[in-house]
Amino acid sequence: MLFASKINKFRTVALLLIFIGIGIMYLGFLWREAMVVFLILGMLGIFASVAIYFWVGLLSTQAAKVHCPKCGRITKVLGKMDECMYCKATLSLDPTHATKSEQSPKK
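Here it is as structure tokens:
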């Protein structure tokens, strides 16, 4: 579930940037002579994370909502192909990638 869709991948990277930024700032306590440098580098990591979260929020509002045929839930698709956020089924908005379903003729 951590890397289930493109939106979740971006959110995971942003969360990792927050933890890395806090870790870099914590190094300032261990090496007091360079505390200001570590504080600035850590804040840059956190600001980058905030920018990514803001960007993903904008992308999420514009993403197409589709009904997953495998799990039956509504999920968001970025681009032409993406994965379901819940069951990791590959979803496509491109008709050339659609699976051929056999329809029985009605009698």
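Read in order, the letters of the sequence shown correspond to residues 48 to 154 in the working numbering.
For glycine and all other residues, C-beta sits at the position ideal for the given N, C-alpha and C.
Bear in mind that the values here come from a model prediction, so they are computed numbers and not experimental data.
Item, Value
"Sheet register partners of residue 129 (DSSP bridge)", "138"
"Range of the contiguous beta strand (DSSP E) that encloses residue 53", "No beta strand (DSSP E) holds residue 53; the alpha helix (DSSP H) holding it covers 53-77."
"Inter-residue Cα distance where the pair is residue 122 and residue 80", "49 Å"
"Within 9 Å, strictly: CB atoms of residue 124 and residue 136", "no"
"Residues that residue 108 bridges to, as DSSP identifies them", "Answer is none; residue 108 lacks a bridge partner."
"Cβ shell of residue 82 (< 6 Å), same chain only, five flanking positions each side left out", "75"
"Contact set for residue 114: own chain, Cβ-Cβ below 7 Å, skip 5 residues either direction", "121"
"Inter-residue Cα distance where the pair is residue 103 and residue 97", "10 Å"
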